[in-house]
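For reference, the structure is listed below as structure tokens.
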Amino acid sequence: MTGTRERPTLEGTRRPTRQRTAVAAVLAETDEFRSAQELHAILREAGDKVGLATVYRNLQAMAADGEIDMLRTDDGEAVYRACSTGHHHHLVCRVCGRTVEVEGPTVEAWANKVSAEHGFTDVHHTLEIFGTCADCSR
């Protein structure tokens, strides 16, 4: 990804503890989705004594507050990433984890149409497309 992007802030409904700030800082340094175990290892290598359960708890809270994105890999593992604000979708490489944020006006129109046809309102959706990136296809 190129250019700068806005990062979520820690101004959610929960107080920004030292641990939460540390987790957010690690996420802010990468463009890739990371598992709780990977983030925990990075924090430990940096000398930050944050327990794995604390990492999980903070990631779940940050995702619930809309501060970070969470998705599930093909094997069901939850992975997390600080993303730009605003609604978007992801292309995710199954091999290396490279992730690209994309907007999809056609998807938005389709979701609204299908929802309306079935009488649904206040609709929210997520879309992750998994494949193999160009570098890993070589």
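Residue numbering for the sequence shown follows my numbering, beginning at 26 and increasing consecutively.
From the three backbone atoms N, C-alpha and C, an ideal C-beta is built for every residue, glycine too.
| query | From what residue to what residue does the beta strand (DSSP E) around Thr-124 run? | reply | Thr-124 -> beta strand (DSSP E) spans 124 to 127.
| said: Using a Cβ-Cβ cutoff of less than 8 angstroms, which residues in the same chain neighbour Leu-152 once the five nearest sequence positions on both sides are dropped? | reply: His-114, His-115, Gly-129, Val-132
| request: Give the C-beta separation of Arg-106 and Glu-54 to the nearest angstrom, bearing in mind that I take them to be a contact with Cβ-Cβ under 8 angstroms. | output: Not confirmed; about 11 angstroms, so no contact.
| With Gly-156 and Cys-121 assumed to form a contact (beta carbons below 8 angstroms), what rounded beta-carbon distance in angstroms separates them? | Contact doesn't hold; Cβ gap of about 11 angstroms is too wide.
| Cβ-Cβ distance between Ala-134 and His-150 below 8 angstroms | For Ala-134 and His-150, no; Cβs fall outside 8 angstroms.
| message | Val-80 and Ala-61 - do their beta-carbons sit closer together than 8 angstroms? | response | yes
| said: Quick test of your reading: Leu-68 and Val-51, contact by CB under 8 angstroms. State the CB separation rounded to the nearest angstrom. | reply: 6 angstroms
| task | Please list, in chain order, all residues of the same chain as His-65 whose beta carbon is under 6 angstroms from its beta carbon, the five residues on each side excluded. | result | Leu-77, Val-80
| said: Determine, for Thr-131, whether the minimum Cβ-Cβ distance to residues of chain C falls below 8 angstroms. | reply: The chain labelled as chain C is not found in the depicted structure, where only one protein chain is given.
| query | Quick one: Cα of Met-87 to Cα of Asp-99, how far? | reply | 22 angstroms
| field | Rounded C-alpha distance that separates Ala-89 from Phe-145 | value | 23 angstroms
| Just to confirm, are Arg-45 and Asn-83 a CB contact at a threshold of 8 angstroms? | Yes, these two residues count as a Cβ contact at 8 angstroms.
| task | Would you identify the three-state DSSP class for Val-117, choosing helix, strand or coil? | result | strand
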